[in-house]
Amino acid sequence: MPRQQETKSRLVTSLVPSLSRSLAEQFNVFRVMHHGTHEKQLSNVLAWLLRADGTHELGDTFQKIFLRRINAALPEGLGFQTSGYRVSQEVDTSGDAATGKDIADIVLMTAHESVVVENFGTSDGHGHDYFGYLAHGAQGGRRSVVVLLCIRRESELQTDGWEQAVVLTYADLLSDLHAHVKADKKWRRDHPQQNFFINELVENFVEGPSPVNTADRIAFIKTMCETGESARYGQRPQDAAAEQFSQTLAQHAKQQFEDGRKVLGEIKRYLRQYAERRLMHQVNEALGEEVVVKVLANFVGQWEWYVRLLDTNGDVVAGLVFGPTVATYNDEVPEPVQSPDFSKIFILMRSSDTAPKRSLQQTDIGIDEVLKGFEPADDRLAQAVIPLVQAHYATQD
1 MPRQQETKSR LVTSLVPSLS RSLAEQFNVF RVMHHGTHEK QLSNVLAWLL
51 RADGTHELGD TFQKIFLRRI NAALPEGLGF QTSGYRVSQE VDTSGDAATG
101 KDIADIVLMT AHESVVVENF GTSDGHGHDY FGYLAHGAQG GRRSVVVLLC
151 IRRESELQTD GWEQAVVLTY ADLLSDLHAH VKADKKWRRD HPQQNFFINE
201 LVENFVEGPS PVNTADRIAF IKTMCETGES ARYGQRPQDA AAEQFSQTLA
251 QHAKQQFEDG RKVLGEIKRY LRQYAERRLM HQVNEALGEE VVVKVLANFV
301 GQWEWYVRLL DTNGDVVAGL VFGPTVATYN DEVPEPVQSP DFSKIFILMR
351 SSDTAPKRSL QQTDIGIDEV LKGFEPADDR LAQAVIPLVQ AHYATQD
């Protein structure tokens with residue numbers, strides 16, 4: 001079999017699981033509602049689940065799930081009771097001296113403890129007063145904790161006290177709820193309408209936009225790189241490239257290709273934001289001077305998925321590359337990475353020789369982790385980049 005034909009065959013074989021799925025848009029009640037991700041609507045749904053006397057008839061199941069997740073994020077021995085809370089919405093947390101209202105989305109309260117919740121798309125206090133929330137919860141001598149409830153965790157956005165908040169994602173909470181409901185056959189049989197609604201909620205916020213679809217797209221990008229097809233992502237115009245590819249691998253491959261490029265764009269944006277907000281400062285702190293002054297990600301074509309940390313001269317201090325750009329550079333570097341995992345982030349460095357040579361290092365950080373957002377204490381990317389940068393600058397001294 002000719003090499004090109006063999007490559008195409010391997011690509012098609014790798015894509016068989018996703019090719020078997022229907023291209024038709026699937027019904028979901030939250031996608032039908034045009035504002036299905038609006039924070040007020042989601043707050044209504046989540047407050048309904050949190051109320052022990054809610055018409056879901058799950059009792060305090062979701063309260064317990066919610067508080068157990070909170071307790072897991074708190075120091076040992078400082079956990080809150082896991083049920084018995086009264087649930088309120090749209091609560092004014094501003095004190096007597098405040099000039100305006102500061103509304104918390106959800107507040108859970110007992111005689112001795114309270115949980116004040118800000119619900120937003122990302123883990124961002126977006127102008128609300130963290131300390132005001134905390135103080136409101138502490139009224140009457142109660143123990144108080146503030147929670148950021150979100151679709152996506154972006155710890156670098158947590159400032160002005162919000163870095164102290166407990167961050168919970170819809171996916172974590174709804175995955176726990178789904179596991180509980182799945183194990184309760186009697187409840188599912190007796191509550192078909194509530195079961196349908198919760199399944200729709202899980203499908204939209206857990207299985208739809210995040211883990212399953214994203215995992216499929218990342219696997220697709222990885223396969224494209226492994227089979228020598230990744231150069232297609234850098235072709236212009238993109239529509240023509242997608243059309244040519246679709247003629248070979250049929251209509252579903254075209255959709256996956258386009259979706260994959262969108263995911264690549266999201267990864268690039270999030271990685272650039274992370275490098276600007278956290279990584280460049282971590283590198284500078286480790287070096288003891290402000291070496292990295294700018295972060296750019298403005299290349300196109302096969303080099304498009306490349307985030308560069310630059311010094312005052314505009315030279316690259318270190319580069320973060322992923323996906324198709326890894327495949328491109330791995331063909332160019334003197335010592336290519338053997339059996340590269342294209343679902344990971346790579347670090348691109350230059351030697352200090354007069355004729356700079358590039359080197360490529362694979363990290364253990366997955367591009368899916370970039371999409372989800374890093375935990376506040378997760379410094380793996382800095383720990384991977386800093387030794388390489390230090391070694392590079394040591395050779396220049």
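Taking the UniProt record's numbering, I'd label the letters of the sequence shown as residues 1 to 397. Glycine included, each C-beta is placed from N, C-alpha and C at the ideal position. Computed from a predicted model, the values in this text were never measured in an experiment.
For the 8 Å Cβ check, are there 3 or more pairs between the segment 261 to 275 and the segment 288 to 297?
yes
Which value, in whole angstroms, describes the spacing of the CA atoms of Val317 and Glu290?
Against the sequence shown, residue 317 aligns to sequence position 317. Against the sequence shown, residue 290 aligns to sequence position 290. C-alpha separation (whole angstroms): 11 Å.
Sheet register partners of Ala318 (DSSP bridge):
Residue 318 sits at position 318 when you count from the first residue of the sequence shown. According to DSSP, which records beta bridges pairwise, Ala318 is partnered with Leu309.
Residue nearest to Glu266 in terms of C-alpha spacing, selected from Leu371, Arg350, Gln63 and Thr61:
Within the sequence shown, numbered from 1, the residue matching residue 266 stands at position 266. Nearest option by C-alpha distance: Leu371.
Do Gly161 and Phe120 have their CB atoms nearer than 7 Å?
For the purposes of this step, residue 161 is taken as the residue at position 161 of the sequence shown. For the purposes of this step, residue 120 is taken as the residue at position 120 of the sequence shown. Not in contact: Gly161 and Phe120 (Cβ atoms no closer than 7 Å).
Let me check understanding here. Comparing Cα to Cα, which of Val389, Leu50 and Ala135 lies closest to Ala286?
For the purposes of this step, residue 286 is taken as the residue at position 286 of the sequence shown. When each option's Cα is compared against that of Ala286, the closest is Val389.
Relative to the alpha-carbon of Asp239, which residue among Phe257, Ser230, Glu226 and Thr223 has its alpha-carbon at the smallest distance?
Position 239 of the sequence shown, counting from 1, holds the residue named residue 239. Comparing Cα positions, the closest option is Phe257.
Range covered by the alpha helix (DSSP H) that runs through Ala275
By one-based count along the sequence shown, residue 275 stands at place 275. Per DSSP, Ala275 belongs to no alpha helix (DSSP H) and is neither H nor E.
Pick from Gln158, Ala179, Asp60 and Lys186 that is closest to Asn199, judged by C-alpha positions:
Here the question's residue 199 lines up with position 199 in the sequence shown. Checking every option, the nearest Cα to that of Asn199 belongs to Ala179.
So Glu226 and Phe342 are supposed to be a Cβ contact under 8 Å. How far apart are they, rounded?
Numbered from 1 along the sequence shown, position 226 holds the residue referred to as residue 226. Numbered from 1 along the sequence shown, position 342 holds the residue referred to as residue 342. Indeed, because the Cβ distance is near 6 Å, the residues count as touching under 8 Å.
From the DSSP secondary-structure annotation, give me the bridge partner or partners of Ser155.
Residue mapping note: residue 155 aligns to position 155 of the sequence shown, counting from 1. Ser155 is not bridged to any residue.
At a cut of 8 Å, does the segment 106 to 119 reach the segment 75 to 84 through at least three beta carbon pairs?
yes
Taking 7 Å as the threshold (C-beta atoms), are Ala165 and residue 461 in contact?
A question about residue 461 goes unanswered here, because the residues of the chain that appear run from 1 up to 397.
Range covered by the alpha helix (DSSP H) that runs through Asp129
Position 129 of the sequence shown, counted from the first residue, corresponds to residue 129. Segment: none, Asp129 is in no alpha helix (DSSP H) and carries neither H nor E.
From Ile151 to Thr169, what does the alpha carbon distance come to, in whole angstroms?
The residue given as residue 151 occupies position 151 in the sequence shown. The residue given as residue 169 occupies position 169 in the sequence shown. In a straight line, the C-alpha of Ile151 is about 5 Å away from that of Thr169.
Do the segment 329 to 341 and the segment 373 to 387 touch if we need at least three Cβ pairs shorter than 8 Å?
no
Looking only at its own chain, which residues have a Cβ that is under 6 Å from the Cβ of Arg380, when we skip the five neighbours before and after it?
Working through the sequence shown from its first residue, we reach residue 380 at position 380. Ile365.
If you follow the alpha helix (DSSP H) that Thr55 is part of, which residue opens it and which one closes it?
Taking the sequence shown and counting its residues from 1, one reaches residue 55 at position 55. Note, Thr55: premise wrong, no alpha helix (DSSP H); not H, not E.
Just mark His126 as buried or exposed, buried being the case when its beta carbon has 16 or more other beta carbons within 10 Å.
As a position in the sequence shown, residue 126 is number 126, starting the count at 1. His126 should be labelled exposed.
So, Leu174 versus Val206, is the Cβ gap smaller than 7 Å?
Sequence index remark: in the sequence shown, residue 174 carries index 174 (1-based). Sequence index remark: in the sequence shown, residue 206 carries index 206 (1-based). Contact flag set, yes.
Would you say Glu226 faces chain C, with C-beta separation under 7 Å as the test?
The structure shown has no chain C; it contains just one protein chain.
Does DSSP classify Arg86 as helix, strand or coil?
For this step, residue 86 is matched to residue 86 along the sequence shown. Strand at Arg86.
For Ile386 versus Thr363, is the C-beta distance shorter than 7 Å?
The count along the sequence shown starts at 1 and reaches residue 386 at position 386. The count along the sequence shown starts at 1 and reaches residue 363 at position 363. It is not a contact, given that the beta carbons lie outside the stated cut-off.
Can you name the start and end residues of the beta strand (DSSP E) that Ala104 belongs to?
Position 104 of the sequence shown, counting from 1, holds the residue named residue 104. Run containing Ala104: Ile103 to Met109, per the beta strand (DSSP E) assignment.
In whole angstroms, what separates the C-alpha of Asp331 from that of Arg358?
In the sequence shown, residue 331 corresponds to position 331, counting from 1. In the sequence shown, residue 358 corresponds to position 358, counting from 1. If I take the Cα positions, the gap works out to 11 Å.
Counting only the same chain and skipping the five closest in sequence on each side, list residues whose C-beta sits under 6 Å from that of Arg188.
Counting from one through the sequence shown, the residue named residue 188 turns up at place 188. Asn195.
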